[in-house]
Structures are given as structure tokens and as C-alpha cells.
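Residue numbers (the numbering used here): 209 to 314.
The beta carbon of each residue, even a glycine, is placed where N, CA and C say it ideally should be.
Remember, it's a predicted structure, so these values are computed and weren't measured experimentally.
What follows is the structure, given as C-alpha cells:
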């Protein structure tokens with residue numbers, strides 16, 4: 209059961225991030241793309257949720273990687289389904305999780 213140990217250790221260390229096929233999100237809730245991507249770092253940010261400069265840099269880099277930096281101040285609910293996926297992928301990248309993805313075209 210070595211794989212179970214590895215998975216449990218990764219979960220404890222906050223080393224797991226994923227993008228769900230379908231998101232259960234209230235698209236009417238006013239949230240900016242930038243804030244959604246920043247949520248990928250909430251496991252590492254202090255309990256007051258005040259991001260440091262390095263956190264903001266990670267968010268910018270993740271948004272650039274997914275080519276969505278121009279959407280930073282848009283409401284997440286206003287985006288197309290594909291753009292929403294890009295936002296959730298950027299959230300994962302901000303978390304610094306880099307695993308191989310299969311069946312995914314970026």
C-alpha cells in the first residue's frame with residue numbers, strides 16, 4: 209500500500225490540486241478571475257487570507273501561463289465554459305502542482 213501512503217502524505221503537505229470536470233459554483237456570486245486563481249494558494253496563505261508579494265506573483269504567472277491575464281478583473285460568471293476551465297487550471301498552476309495531464313489540450 210505504498211501508493212496510499214504517498215497519496216496521504218501529499219494530501220497532508222498540501223501537494224494535491226485538481227480541476228474537476230464540472231464545477232459546482234454559484235456563477236452569480238461576484239468573484240473576479242484574479243480571486244479565483246488566488247484561491248489556489250489559500251492552503252499556504254496565512255489565516256487572514258492576506259497574500260504576500262510572492263503569492264501575487266504566482267497568480268500573475270499562472271494567469272500568464274493560461275493566457276488569461278487580461279481577464280483578471282472580469283467576473284468569473286461572465287466567462288465562457290472554456291475560459292472558466294482556463295481559470296481553474298490557472299488556480300492549479302498557482303498552487304505549484306505540475307503533474308502530467310492526459311487527454312488535455314492547452
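Cβ-Cβ separation, residue j to residue i (assumed contact under 8 Å), whole Å
i           : j           : result
residue 274 : residue 242 : Not confirmed; about 13 Å, so no contact.
residue 248 : residue 299 : 4 Å
residue 295 : residue 244 : 5 Å
Under 9 Å between C-beta atoms of residue i and residue j
i           : j           : result
residue 246 : residue 238 : no
residue 240 : residue 270 : no
residue 290 : residue 235 : no
residue 277 : residue 268 : yes
Identified DSSP bridge partners for residue i
i           : result
residue 240 : 283
Cβ-based burial, residue i [other Cβ within 10 Å; buried from 16]
i           : result
residue 266 : buried
residue 262 : exposed
Reduced DSSP secondary structure (H/G/I, E/B, other) of residue i
i           : result
residue 303 : coil
residue 289 : helix
residue 234 : coil
residue 253 : coil
residue 274 : coil
Any non-hydrogen atom of the ligand MN within 8 Å of residue i CB
i           : result
residue 276 : Looking at this structure, you won't find the ligand MN or any other ligand, since it has none at all.
9 Å Cβ cutoff, residue i in contact with chain C
i           : result
residue 264 : As a matter of chain content, chain C is missing from the structure shown, which is built from one protein chain.
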